[in-house]
Structure formats: structure tokens, C-alpha cells
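I have placed the structure first, in the form of C-alpha cells, so that the comments after it can refer back to it.
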Amino acid sequence: MTRKISGNHRRLNRRTLLKGAAAGGTLATTEVLLGFPTVWAQNTKDVTLVHAGGSYAAIKEIGDQATKDLGFKIVMQAITDDVQLNRSLTQPNTIDINNIDSTKMPYLVGKGVLQPVPVAKYKYWDETVPLFTKGTYPNGQPVSSQGLSPLEAMFYDGKDAKKLAGKPTEWLTMIPTIYNADTLGIRPDLVGGRDKITSWKDLLDPKFKGKTALVDYAPVGVIDAAMAIEARGDFKYGDKGNMTKEEIDKTIKILIDLKKGGHFRSFWSTFDQSVNLMASGEVVIQSMWSPAVTAVRSRGIDCYFVPLKEGYRGWTVGLAPMAHLSGLKLECAYEYMNWFNSGWQGGFIAKQGYYSAVPSTAKKFLTAEEWDYWYDGKPAAVDIKDPYGALMEKKGATRDGGAIWDRMGHIACWNTVMDEDRYLTRRWNEFVSS
Amino acid sequence: MTILDSTASGLAAAAEPAAAEAADEHAINTGELASWFQITPLMIILALFFGLPMLVVLAVSFFDFDRSDIIPAFIFDNYTDLFRSEVTLRLYLSSLKFAAIVWAVTLILGFNIAYFLVFHVRSLLWQIGLFLICTVPFLTSNIIRMISWIPFLGRNGIFNQALEGAGIVNQPLEFLLFSDFAVVVAYVHLFTLFMVVPIFNSMARIDKSLLEAARDAGAGRFRVVAEIVLPLSKTGIALGSIFVVTLVMGDSFVVRTMSGGQSASVVSALQNEVAALQYPPAAASAIIMVIIVTLMVAGILRLVDVRKELAG
Numbered sequence: 001m002t003r004k005i006s007g008n009h010r011r012l013n014r015r016t017l018l019k020g021a022a023a024g025g026t027l028a029t030t031e032v033l034l035g036f037p038t039v040w041a042q043n044t045k046d047v048t049l050v051h052a053g054g055s056y057a058a059i060k061e062i063g064d065q066a067t068k069d070l071g072f073k074i075v076m077q078a079i080t081d082d083v084q085l086n087r088s089l090t091q092p093n094t095i096d097i098n099n100i101d102s103t104k105m106p107y108l109v110g111k112g113v114l115q116p117v118p119v120a121k122y123k124y125w126d127e128t129v130p131l132f133t134k135g136t137y138p139n140g141q142p143v144s145s146q147g148l149s150p151l152e153a154m155f156y157d158g159k160d161a162k163k164l165a166g167k168p169t170e171w172l173t174m175i176p177t178i179y180n181a182d183t184l185g186i187r188p189d190l191v192g193g194r195d196k197i198t199s200w201k202d203l204l205d206p207k208f209k210g211k212t213a214l215v216d217y218a219p220v221g222v223i224d225a226a227m228a229i230e231a232r233g234d235f236k237y238g239d240k241g242n243m244t245k246e247e248i249d250k251t252i253k254i255l256i257d258l259k260k261g262g263h264f265r266s267f268w269s270t271f272d273q274s275v276n277l278m279a280s281g282e283v284v285i286q287s288m289w290s291p292a293v294t295a296v297r298s299r300g301i302d303c304y305f306v307p308l309k310e311g312y313r314g315w316t317v318g319l320a321p322m323a324h325l326s327g328l329k330l331e332c333a334y335e336y337m338n339w340f341n342s343g344w345q346g347g348f349i350a351k352q353g354y355y356s357a358v359p360s361t362a363k364k365f366l367t368a369e370e371w372d373y374w375y376d377g378k379p380a381a382v383d384i385k386d387p388y389g390a391l392m393e394k395k396g397a398t399r400d401g402g403a404i405w406d407r408m409g410h411i412a413c414w415n416t417v418m419d420e421d422r423y424l425t426r427r428w429n430e431f432v433s434s
Numbered sequence: 001m002t003i004l005d006s007t008a009s010g011l012a013a014a015a016e017p018a019a020a021e022a023a024d025e026h027a028i029n030t031g032e033l034a035s036w037f038q039i040t041p042l043m044i045i046l047a048l049f050f051g052l053p054m055l056v057v058l059a060v061s062f063f064d065f066d067r068s069d070i071i072p073a074f075i076f077d078n079y080t081d082l083f084r085s086e087v088t089l090r091l092y093l094s095s096l097k098f099a100a101i102v103w104a105v106t107l108i109l110g111f112n113i114a115y116f117l118v119f120h121v122r123s124l125l126w127q128i129g130l131f132l133i134c135t136v137p138f139l140t141s142n143i144i145r146m147i148s149w150i151p152f153l154g155r156n157g158i159f160n161q162a163l164e165g166a167g168i169v170n171q172p173l174e175f176l177l178f179s180d181f182a183v184v185v186a187y188v189h190l191f192t193l194f195m196v197v198p199i200f201n202s203m204a205r206i207d208k209s210l211l212e213a214a215r216d217a218g219a220g221r222f223r224v225v226a227e228i229v230l231p232l233s234k235t236g237i238a239l240g241s242i243f244v245v246t247l248v249m250g251d252s253f254v255v256r257t258m259s260g261g262q263s264a265s266v267v268s269a270l271q272n273e274v275a276a277l278q279y280p281p282a283a284a285s286a287i288i289m290v291i292i293v294t295l296m297v298a299g300i301l302r303l304v305d306v307r308k309e310l311a312g
């Protein structure tokens with residue numbers, strides 16, 4: 001009985017929604033012509049958008065704020081990478097806004113599950129950092145081409161979204177949101193000081209035998225290893241972000257020898273593991289993400305995301321609307337994605353150490369001292385708090401690596417999916433099981 | 001099939017004890033029908049939730065695949081890759097090694113704990129009380145019980161600090177954590193109860209007067225255990241062994257966490273493949289795994305006729 005009633009109810013809802021969608025479509029056109037935002041707001045209050053992404057990006061507080069600001073509901077779902085890919089491909093209708101990192105693009109492009117975003121629909125295109133719009137740093141220099149650079153992942157070659165263009169077009173694969181530069185995490189107290197580690201090759205230094213760790217995720221772990229192997233002078237890679245089979249073999253051989261010699265203490269696969277390894281002192285130098293470094297520091301243990309002379313490993317993340325969105329829901333999706341880069345989110349995420357694709361809007365949601373610390377690399381004029389208000393850094397501290405372009409301006413290689421990714425997964429399994 | 005037949009005839013005999021020989025054939029027929037009827041719900045559940053998914057896995061194991069699609073096909077590449085790779089052998093050897101060690105340790109522990117509970121603890125109240133204490137760790141989750149070993153065994157962990165404090169070692173023992181040792185410790189901690197319970201169950205049903213008779217006849221304590229308790233606990237040992245062996249063979253999480261990712265198991269390699277969207281090779285690997293574990297269970301069941309012992 002109850003089931004029947006709720007069934008009717010749902011049907012009713014869908015009908016009203018469809019009606020709303022039709023009205024929304026026409027009104028949205030007027031909006032573009034007259035510059036009237038949200039004329040159709042009364043229709044949008046029944047809309048719910050499911051935003052799915054990694055736990056570092058799909059944060060509940062952001063969804064709640066968006067729901068408050070926009071008047072329609074955003075449901076945040078934090079899921080792991082493999083679940084996200086699976087759902088995107090096999091149940092695309094369960095996601096509305098797909099918060100993906102650029103390396104998911106090669107899996108999803110041409111599968112008909114994502115839809116392109118016309119550049120004209122994205123309000124902040126002109127204010128977005130040139131990393132995404134032109135493939136350059138703000139000083140005009142082109143970014144590293146090793147790995148999947150932001151520009152390569154940003155554009156479709158046409159409206160049908162069949163292929164990545166690799167150069168600017170009118171069709172965006174996603175609206176870029178956050179990015180960062182990754183490097184090695186160290187325990188300064190256990191390696192002899194912050195300035196003792198200057199190169200990726202230190203990861204392989206025999207004096208840290210039994211005290212190092214790598215992330216157990218082949219596409220990232222192998223790049224960290226390659227940075228170290230190349231820095232040590234073993235050999236030079238053609239492209240660390242797209243190794244040949246031979247290069248993979250050589251890399252894995254070196255890694256297996258190191259492992260057999262007891263060089264690695266551990267391989268971590270979750271954020272918490274990487275934090276605990278470092279906090280407990282099991283490991284003194286390892287692959288790490290920036291919020292994990294912060295998590296160790298917040299326990300009162302010195303941990304440092306050390307800038308290295310060979311440069312950083314970079315990554316980018318964005319929002320892609322799913323192909324099934326249309327009408328009113330699609331308009332809401334555009335509205336939401338624009339809201340995402342309008343500042344609140346950028347300010348929130350800055351306090352986690354990530355950069356916004358539109359720093360000028362994020363700046364409005366940061367105090368001058370916070371901006372100076374996070375973006376300009378200046379010593380903190382006041383105590384620095386995390387997004388939830390907990391103390392993160394004491395007054396006087398400086399961000400590791402300095403200002404945004406001192407860090408993002410020195411990317412040696414971007415996170416990527418290699419052409420030989422199948423072979424890499426197999427060899428990586430051999431390494432981990434050896 | 002033999003199981004079904006014997007159950008059917010057993011039931012038939014029980015239902016109509018006074019049936020004349022002439023009616024015997026008829027009785028077996030209705031009895032058989034009744035048995036079939038009784039097991040139908042279980043069969044439906046097994047067919048839907050075990051048989052069907054296994055068939056899908058079997059089908060997918062012959063499929064082809066690319067970066068993000070599985071392509072219906074009938075190829076043997078997934079199996080040939082699996083058998084050609086030396087990793088497969090290494091993974092199985094490693095999983096079997098863990099299964100053997102953990103089986104031996106939990107068997108010794110389980111047998112002794114159960115023996116103590118059944119034959120040394122006289123009062124039923126104490127018996128139940130101590131048995132419940134054995135199950136207390138199960139009130140928390142597996143993951144918490146396992147992870148609590150990490151701060152205990154670590155380089156700067158409680159155990160190493162105690163050893164150093166007592167002057168037993170000068171340097172922290174590194175092999176305690178992120179090693180095969182740590183994996184075995186966690187497995188034993190997690191799985192010993194699975195051995196205790198069935199053995200306890202078998203032992204509890206041994207007639208105490210048998211033991212007294214043996215002692216009266218001059219058998220020593222060891223001989224009583226070897227010739228009476230052990231043979232009569234075979235069912236429990238077999239059931240416990242099935243639990244422990246299948247749990248260890250099917251594990252990926254304990255091995256990964258406690259070895260710090262230094263060791264892999266068959267299932268953890270399979271998980272890596274699933275994470276990389278490589279379903280067909282993962283399916284092939286799963287099928288081989290099911291076959292091997294089934295053979296192991298069949299082997300145990302061949303040694304001990306669990307049904308007969310349980311019925312007796």
C-alpha cells in the first residue's frame with residue numbers, strides 16, 4: 001500500500017520536474033540574452049544534484065554551503081577512485097556532477113558518459129589560471145609536457161566529445177577546480193634537518209634503508225620512483241609520464257632489487273596509513289599528499305613537504321557534468337559548477353593546501369594573512385587555522401616550497417595514465433609481491 | 001547426490017518405520033519428494049546468489065578487455081597469462097605458506113583451549129563463562145583488532161620499548177611489524193576462535209565415562225588424548241580447518257596491512273586488477289582460486305566424514 005502511494009508521488013514529482021525543465025530551458029535562454037540570473041529559481045528548488053568525487057574534494061561542508069547559496073540541493077558523495085570509475089562507466093545515471101582528476105579522462109572519453117561544457121557556459125574562464133586555458137605558467141612559459149598536462153586533458157575536439165583535442169577548443173572536458181604540486185614528505189628531526197633533503201634521489205639513499213615508503217598505486221608510485229632513479233643518474237627517461245615497456249622493466253628491476261635489500265619499510269594505500277607511517281617514525285621519507293603532511297604536523301610531530309630541485313609531480317581536478325543531464329538539471333549543474341569557482345570553495349580548500357583554478361575569487365574568502373601564507377609563501381602573520389578552525393601552523397611559519405608559482409611553476413611530471421598502463425599494473429604487482 | 005540419496009532414505013525410514021516391504025518403493029518416492037521440497041529454498045538461494053554470479057564470473061573470465069571496457073569474446077588469454085606469470089605461483093605459494101603456518105598454530109592453540117575448557121573446567125557455569133570470554137574480542141571489528149597490533153609491534157611500539165627498557169635488546173626489533181611475522185600474528189589472533197568453537201563442540205559430546213574407562217584400563221594421559229579425544233574431535237578439527245584455511249586463502253586486507261604492502265596475496269593481486277578495471281583477468285584469477293580452495297576443502301572432507309560424525 002505504502003509502496004503504491006510513494007510510487008504515485010514519485011511520478012508526480014517527475015512530471016512537475018519535466019514541466020519545470022521545459023520552462024527552465026526557455027527561461028535560461030532569456031537569462032543569457034538579458035543577463036538575468038536565476039529567474040527560474042522557483043523551479044529549481046526540487047532539483048537535487050549528486051556530486052561524487054574523492055574524499056579530498058567532495059567535502060560535505062562545500063555541498064551544504066552550495067545548497068544554501070543556490071537554493072537547490074547538492075548531495076556530496078565521497079568515493080574511492082576505482083568505485084568512481086566503475087560507477088561512471090556502468091551506472092552513469094547515479095552521478096550528476098563527476099568530480100574527477102584529469103587522469104580519469106583517458107578512461108571516460110568517448111564512452112558517452114560525460115558531456116562537454118561549452119566554454120561560454122563557464123563564467124570564470126578569463127580569470128582561470130593559464131595552466132588550464134593556455135597550458136602555460138603566468139609568466140608565459142609552457143608547462144612540462146611529461147605526463148598528462150592540464151591542457152591535454154581540458155578540451156574535446158568537438159561537441160560530440162569523442163576525443164581529447166590537446167589544444168584549446170570551445171568544448172571543455174571539465175571545469176577545472178583544484179590542483180597542487182606533490183613531492184616527498186620527510187621527518188626533519190629524523191633525517192638531520194629540513195635542508196638535508198634536496199633531491200628526489202634521497203628517496204633511494206642507502207642511509208634511509210628500511211625507513212622509506214612508496215604509495216602502492218602504480219601510476220603515481222612509479223613516477224615518484226622514476227623521479228628518484230633519474231635524479232640518481234641511473235638513466236634518463238624519454239617521458240616519465242609515458243614510459244616504454246623497456247623503461248618500465250628497468251624501473252621495476254631497480255625497485256625489486258631495492259625491495260629485496262630491505263630498502264622499503266612499507267607501501268601504503270590509504271591516506272591514514274601514510275600519516276601513521278610518518279607519525280610513528282616507521283618511515284622518515286616517503287611519497288605523500290600535502291594534507292597528510294598537515295595531519296602529521298597537527299599531531300605536534302614535525303613533518304615537511306620538501307621542495308626538491310628536480311621539481312614536483314603535479315595533478316589537477318575538475319568537475320564534469322554527466323551525459324544524462326539535460327534541461328533544468330543541466331542549467332542547475334552549470335550554475336553549481338560556476339558557484340564552485342566563485343570563491344567560497346576556493347577559500348575553503350586553500351586552507352587544506354590546495355590551489356583554486358580561479359585564485360582571484362578565492363582571495364575574497366581568505367583573510368589577507370591567510371592569502372599571504374597559502375598563496376604568496378610569506379611567513380604567517382597570525383596563527384593559521386584549517387577550514388574547520390583547528391590550529392594548523394603557528395605564527396611565523398612559512399609554507400613549504402613558498403609561493404604558488406614557486407611550487408606549481410616547477411612541475412617535472414603530471415599525474416597520468418600511460419599507454420602501457422596494463423603492462424605497468426602487471427609489473428607493479430610483481431614488484432609488490434616480490 | 002549421494003548425500004541427497006542417503007538423506008532421502010533416512011527420512012523415509014524415519015517417517016514410516018512400520019512400512020511393509022511391498023510399500024517400500026512408494027515410501028521412498030514420497031520421501032524423496034519431501035526431501036527435495038525441503039531443500040528447495042536453499043537451492044534457490046544458492047542458485048541465485050552463488051551459482052548465477054559464479055557463472056557470470058566464469059563467462060567474464062573468457063572475455064577480452066581494453067582500458068575501460070570488457071569485450072564479450074571467448075579467449076583463453078586471461079588464463080594463459082595467469083599460468084605463464086611467475087607471480088601467480090609466487091602468490092599461491094605465499095598464500096599457502098600463510099595458510100599452513102596459521103592452520104598449524106591455530107590448531108595447536110584451538111585444541112588445547114578447547115581441551116582445557118571441556119575436560120579441566122568442571123563447572124558448567126565456568127565453562128560457559130570462559131567460553132564467552134573467548135568470544136569477547138569478537139565484539140569489536142576485525143579491522144580494529146588487527147590494526148591495534150600496529151602501535152604495539154612498531155619500531156617505537158610498546159613491545160619494542162618494553163624489550164629495550166628491560167635491557168633485552170639494544171636496538172628495536174624491526175621484524176616485528178610489516179613482516180610475515182606480523183601477518184601471522186594477526187591471522188592467529190583473528191582466526192583462533194574459528195578453531196576453538198568446533199573443536200569445543202566435538203569434545204563436549206565425548207562421553208566422560210569413556211575417558212574414565214581408559215584410565216581404569218591403565219592408559220596414561222597422553223594415550224587418552226591420542227587415542228580417544230583426538231579421534232573423537234576429528235569433526236571439529238576438520239570444520240575448524242576449513243574455516244581457517246578458506247579465511248586465510250581469501251584474505252587480502254590483513255596481508256596488505258600487516259606486511260605494510262610488502263607481501264601480496266592472491267586476492268590482493270586480484271583487487272589491484274579490479275581497481276585498474278581489468279575484470280577479465282581478475283575473473284580468471286577468481287575462478288582458479290575457487291577451484292583450488294574447493295579442492296582443499298574437498299581434501300579435508302575426504303579425510304574426515306563430517307556428516308557421519310555430526311549425525312553420530
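Protein chains in written order, with the UniProt record's numbering: chain X, 1 to 434; chain E, 1 to 312.
Backbone N, C-alpha and C define an ideal beta-carbon position, used for all residues, glycine too.
- Remark: fewer than three beta-carbon pairs, one from each stretch, lie closer than 8 angstroms, so the stretch 215 to 230 of chain E and the stretch 69 to 80 of chain E are not flagged as touching.
- Using a Cβ-Cβ cut-off of 8 angstroms, residue 278 of chain E is close to 422 and 425 of chain X, given in chain order.
- Under the DSSP definition of a beta bridge, residue 306 of chain X partners with X:184.
- Put simply, the stretch 342 to 352 of chain X touches the stretch 376 to 387 of chain X. At least three CB pairs are less than 8 angstroms apart.
- Contact residues of the stretch 159 to 187 of chain X toward chain E are absent (C-beta to C-beta distance below 8 angstroms).
- Contact with chain X is absent for residue 142 of chain E, since none of that chain's Cβ atoms lies less than 8 angstroms from the residue's Cβ.
- A direct Cα-to-Cα measurement between residue 100 of chain X and residue 236 of chain X gives close to 31 angstroms.
- Under the DSSP assignment, residue 286 of chain X falls outside any alpha helix (DSSP H), being part of the beta strand (DSSP E) whose first and last residues are 285 to 287.
- For residue 414 of chain X, there are no neighbours in chain E by C-beta distance under 9 angstroms, as the nearest C-beta there is about 18 angstroms away.
- Taking all protein chains shown into account, residue 133 of chain E has fewer than 16 neighbouring C-beta atoms within 10 Å of its C-beta and is therefore exposed.
- Only residues of its own chain outside the window of five on either side were considered, and among them 174, 175, 176 and 177 have a CB closer than 6 angstroms to the CB of residue 318 of chain X, listed in chain order.
- Taking 8 angstroms as the upper bound for CB-CB distance, residue 164 of chain X and residue 105 of chain X are in contact here, some 7 angstroms apart.
- By the Cβ rule, the stretch 320 to 335 of chain X counts as touching the stretch 105 to 116 of chain X, because three or more pairs are nearer than 8 angstroms.
- Scanning chain E for C-beta atoms nearer than 8 angstroms to the C-beta of residue 85 of chain X yields 68 and 277, reported in chain order.
- Shown in chain order are the members of the stretch 98 to 114 of chain X whose Cβ falls below 8 angstroms from a Cβ of chain E: 106, 107, 108 and 111.
- Rounded to the nearest whole angstrom, the C-alpha separation of residue 43 of chain E and residue 428 of chain X is 42 angstroms.
- Inter-segment contact for the stretch 408 to 422 of chain X and the stretch 302 to 314 of chain X is present: three or more beta-carbon pairs are separated by less than 8 angstroms.
- Excluding its 5 nearest sequence neighbours in each direction, residue 57 of chain E has C-beta neighbours in its own chain below 8 angstroms: 283, 286 and 287, listed in chain order.
- Residue 242 of chain X sits in coil when the DSSP states are folded into three classes, being neither helix nor strand.
- DSSP, read as helix, strand or coil, puts residue 106 of chain E in helix.
- Excluding its 5 nearest sequence neighbours in each direction, residue 50 of chain E has no C-beta neighbour in its own chain below 8 angstroms.
- Here residue 135 of chain E has 193 as same chain residues with Cβ atoms under 7 angstroms from its own Cβ, once five neighbours each way along the sequence are excluded.
- For residue 267 of chain X, the nearest CB of chain E lies under 8 angstroms from its own CB, placing it at the interface with that chain.
- Listed in chain order, the non-local C-beta contacts of residue 284 of chain X below 7 angstroms within the same chain comprise 186, 187, 190, 191, 208 and 211, local neighbours out to five positions each way being set aside.
- DSSP links residue 155 of chain X through a beta bridge to X:172.
- In the DSSP assignment, residue 273 of chain E falls within the unbroken alpha helix (DSSP H) covering 266 to 275.
- When C-beta distances to chain X are compared with 8 angstroms, the residues of the stretch 163 to 186 of chain E below that value are 174, 177 and 178, in chain order.
- Where residue 86 of chain X is concerned, the enclosing alpha helix (DSSP H) starts and stops at 81 to 90.
- Within the DSSP secondary-structure output, residue 319 of chain X pairs in a beta bridge with X:99 and X:175.
- By alpha-carbon distance to residue 137 of chain E, the top candidate from E:186, E:221, E:215 and E:266 is E:186.
- For residue 278 of chain X, the enclosing alpha helix (DSSP H) has its first and last residue at 271 to 279.
- Listed along chain E, the residues sitting closer than 9 angstroms to residue 281 of chain X by beta-carbon distance are 154, 155 and 156.
- Secondary structure within the stretch 121 to 197 of chain E: the alpha helix (DSSP H) runs of 4 or more consecutive residues, fully enclosed, are 124 to 135, 142 to 147, 149 to 153 and 158 to 165 (chain order).
- Listed along chain E are 174, each with a C-beta nearer than 8 angstroms to that of residue 210 of chain X.
- Using a Cβ-Cβ cut-off of 8 angstroms, residue 217 of chain E does not count as an interface residue toward chain X, since no Cβ of chain X sits closer than that to its own.
- The Cβ neighbour count for residue 236 of chain E, taken over all protein chains shown within 10 Å, is at least 16; the residue is labelled buried.
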